[in-house]
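>
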Amino acid sequence: MSAVVDTHGHGHAGHDHGHGHHGPYGGIMRWITTTNHKDIGTLYLWFSFIMFSVGGTMALVIRAELFEPGLQIVNPDFFNQMTTMHGLIMVFGAIMPVFVGFANWQIPMMIGAPDMAFARLNNWSFWLLPFAATLLILSFFMPGGAPGVGWTMYSPLTVQMGIGMDFTIFAVHLLGMSSILGSINIITTILNMRAPGMTLMRMPLFVWTWLITAYLLVAAMPVLAGAVTMTLTDRHFGTSFFNAAGGGDPVLYQHIFWFFGHPEVYIIALPGFGVISQVIPAFSRKPLFGYASMVYATSAIAILSFIVWAHHMYTVGMPVTGQLFFMYATILIAVPTGVKVFNWVTTMWKGSLSFETPMLFACGFLFMFTLGGFTGLVLALVPIDIQLHDTYYVVAHFHYVMVAGALFAAFAGVYFWIPKWTGRMYNETLGKIHFWATLIFFNMIFFVQHFLGMAGMPRRIPDYPLMFETWNKISTIGAFGMGLAQVLFFYIVLDTIRNGKPAPQLPWEGADSLEWTHLPTPVPYHTFETQPTIR
Amino acid sequence: MSKNARTALILASIAAAFFVGIIAKYWLLR
């Protein structure tokens, strides 16, 4: 059964297209000066794809070096730079911006607003990003190269690095500023610009998850900015916040970083949860099961995320009481997360299911993210974590959350909304090939890394004993396969834009949010200039 | 002042308080 239904000719009350409004500027000036939420959403999406490609290439360098024991391709210092930049670029340059792209495109359309609350600020939030990315990349060309400190930028290594570290610190400042400004914009838009009748508890769950994520960003990003600012003053202005030689405490940095870092995990995951909460009901042809409990579970996850940070640092020598507190608090997060997984599965239960590409990615997300969450529980247990800390088990765990969680959700979102964005349908066969290739190669890369970690292989090393060779070979082959699958994704997107068949207004018969029911496909440049009323 | 500007100012103040607060805490209260 196909979810594709032809609704050409349906009435669509409340929209306002084609009545003489000015369009965008032509050429490059359109993109530089735009204040249109759809244009800025598109900019975010393409920017994140470019950064995804750069970060992915770095991952391939890492995996190529690890194909066999010994040093083959890069020296250890450059290897450390690769792991650092891969992490920073993927977290701040790829995964976060892709969901801001979704937010820009979808939130105004989903709540019946004409645009974001602060349209010029929105433009600035985006255009900070290319400058931050340039600073990050430029750090490779500085004396001493890019910092090789890991994406966590732990002290005292950061104090010892060359000038590339300063470039990275300023890049993090710019990225943080962009995120905070974007979050202020999103919260203000959602709180103040909803159409009449669009009460908070009637908002699509994607909007809810972004509202909560934006609050997390406002609270967490300034803490990271503070931490790297203190690192900067330790490096150049004679302070000793984290420098033990001057009476500072390197462990303090870890506490401050992870006070940001754990909410950051949910900043990345929650918008993905929102996308999945739109996709699963649409392809199950049922309303989302337990809407209110989903909202409360998301809020509970967000609150709990601020009291679990030290589970990343069980091995620094904290008191047992501290370890127990953070262990129990971390385990507690499994409850609201379990509520969400239960609700997604129950939405599918007895639904009229069909498995187009967005639903395939949503199902892949359900299985793989749950596995990542489960290994998170394993790592939450102090006695086990002390064995597995800084091993490949941790690498496997967080890639199940970041890639199979957030990235799969992003792919589900792109396939789900691309008909609305472009007015054209993607090639379903190619989409399915992309899904299966990504799923299989992803597991080839990361499932075997659980075994490596349990056997004791440390993370962030360019060389390893012979006993780890087989699983590393499989992991590297998987990495190149997954890279190729993403080339296919790029082709699918281009093919959709250029050659895709025209999409109907409602290509997914189970979708029921405003962008599907009230707006034509493709959406006009300006939407909801006349406020719709939601009944 | 518009409702949007008021909301934005409150949120920006929260962000600024977290940024300045975390540095001040470890600078002044050591």
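Which chain is which? The protein sequence lines are H and C, in order.
In terms of our numbering, the numbers along the first sequence are unbroken and rise by one, the last being 543.
In terms of our numbering, the numbers along the second sequence are unbroken and rise by one, the last being 32.
Beta carbons are placed, not taken as given, at the ideal position from N, Cα and C, and that holds for glycine.
Measure the C-alpha to C-alpha separation of PRO151(H) and MET169(H) and round it to an integer number of angstroms.
Going by the C-alpha atoms only, they are around 10 Å apart.
> Starting from the Cα of ILE426(H), find the closest Cα among ILE194(H), ARG293(H), ILE505(H) and give me that residue.
Measuring from the Cα of ILE426(H), the nearest candidate turns out to be ILE505(H).
> Against chain H, does LEU31(C) count as a neighbour if the rule is that its beta carbon must be under 9 Å from one of theirs?
With 9 Å as the cut-off, LEU31(C) does not count as an interface residue toward chain H.
> Closer than 6 Å by C-beta to ARG468(H): which residues in its own chain qualify, once you throw out the five before and the five after it? Chain order, please.
Excluding residues within five positions, the ones whose Cβ falls inside 6 Å are THR91.
> Suppose contacts are defined by Cβ-Cβ distances below 9 Å. Is ALA154(H) in contact with MET98(H) by that definition?
Their beta carbons are not under 9 Å apart, which means ALA154(H) does not touch MET98(H) by this criterion.
> Could you tell me which residues DSSP puts in a beta bridge with LYS509(H)?
Paired residues: MET433(H).
> In the DSSP assignment, find the unbroken alpha helix (DSSP H) run with ASP393(H) in it and report its ends.
Run containing ASP393(H): 390-396, per the alpha helix (DSSP H) assignment.
> Does the beta carbon of GLY17(H) come closer than 9 Å to any beta carbon on chain C?
A caution first: GLY17(H) carries a pLDDT of 37, below 50, which makes its placement in the model unreliable, though a value can still be read off. No, its Cβ sits nowhere closer than 9 Å to a Cβ of chain C.
> Are the beta-carbon atoms belonging to SER56(H) and VAL106(H) less than 9 Å from one another?
Cβ distance < 9 Å, so SER56(H) and VAL106(H) count as in contact.
> When you compare each of THR541(H), PHE536(H), ALA487(H) to ALA121(H) by their alpha carbons, which one comes out closest?
Looking at the Cα atoms, PHE536(H) is the closest of the given residues.
> Apart from the five residues on each side of it in sequence, which residues of its chain come closer than 7 Å, Cβ to Cβ, to MET185(H)?
Correct list, in chain order: LEU136.
> According to DSSP, is PRO155(H) helix, strand or coil?
Looking at PRO155(H) - three-state DSSP - the assignment turns out to be coil, as it is neither helix nor strand.
> How is the alpha helix (DSSP H) around LEU183(H) delimited, first residue to last?
Counting along the chain, the alpha helix (DSSP H) containing LEU183(H) begins and ends at 172-200.
> Could you name the residues that DSSP lists as bridge partners for THR399(H)?
Note: THR399(H) sits in a beta bridge opposite PRO466(H).
> Identify every run of the alpha helix (DSSP H) within the stretch 56-125 of chain H, keeping only runs that are complete inside it and at least 4 residues long; order them along the chain.
With a minimum length of 4 residues, the continuous alpha helix (DSSP H) runs that stay inside the stretch 56-125 of chain H are 84-96, 104-119.
> Exposed or buried, ASP242(H), counting other C-beta atoms within 10 Å across all chains shown (16 or more means buried)?
The residue is buried, with at least 16 neighbouring Cβ atoms inside 10 Å.
> Step through the CB atoms of chain C and report whether any lies within less than 9 Å of the CB of ILE188(H).
Chain C contact via Cβ: present.
> Can a CB atom of chain C be found closer than 9 Å to the CB of GLY234(H)?
Judged by the 9 Å Cβ criterion, GLY234(H) is in contact with chain C.
> Would you tell me roughly how many angstroms separate the C-alpha atoms of ARG210(H) and ALA10(C), rounded to the nearest one?
Computed Cα separation, rounded: 23 Å.
> Using only the alpha-carbon positions, how far apart do LEU374(H) and GLY346(H) sit?
Straight-line Cα distance between these residues: approximately 11 Å.
> Can you give me the start and stop residues for the alpha helix (DSSP H) that ASN6(C) sits inside?
Here the alpha helix (DSSP H) through ASN6(C) covers 5-30.
> With a Cβ-Cβ cutoff of 9 Å, do VAL283(H) and GLY421(H) count as a contact?
Yes.
> If you pair each beta-carbon of the stretch 490-510 of chain H with each one of the stretch 458-478 of chain H, do three or more pairs fall below 8 Å?
No, they do not touch.
> Can you confirm whether the stretch 271-280 of chain H touches the stretch 396-405 of chain H when touching is taken to mean that 3 or more C-beta pairs between the two stretches lie within less than 8 Å?
Touching, no.
> Quick check on PHE100(H) - is its C-beta less than 9 Å from some C-beta in chain C?
With 9 Å as the cut-off, PHE100(H) does not count as an interface residue toward chain C.
> Three or more beta-carbon pairs under 8 Å between the stretch 366-385 of chain H and the stretch 305-314 of chain H, yes or no?
Verdict: no, contact absent.
> Compare the Cα-Cα distances from TYR472(H) to each of TRP516(H), GLY246(H), ALA493(H), GLU76(H) and report the closest residue.
Comparing Cα-Cα distances from TYR472(H) to each of TRP516(H), GLY246(H), ALA493(H), GLU76(H), the minimum goes to GLU76(H).
> So is TYR400(H) buried or exposed if we call it buried at 16+ other beta carbons inside 10 Å?
Its Cβ being crowded by 16 or more others within 10 Å, TYR400(H) is buried.
> Taking 9 Å as the threshold (beta carbon to beta carbon), is SER191(H) in contact with chain C?
Chain C, which has a Cβ nearer than 9 Å to the Cβ of SER191(H), makes this yes.
> Go to MET335(H), then tell me how far its alpha helix (DSSP H) extends in each direction, as first and last residue.
Unbroken alpha helix (DSSP H) run through MET335(H): 328-356.
> What's the call for GLY31(H), buried or exposed, on a 16-neighbour Cβ count within 10 Å?
By the 10 Å Cβ count, GLY31(H) comes out exposed.
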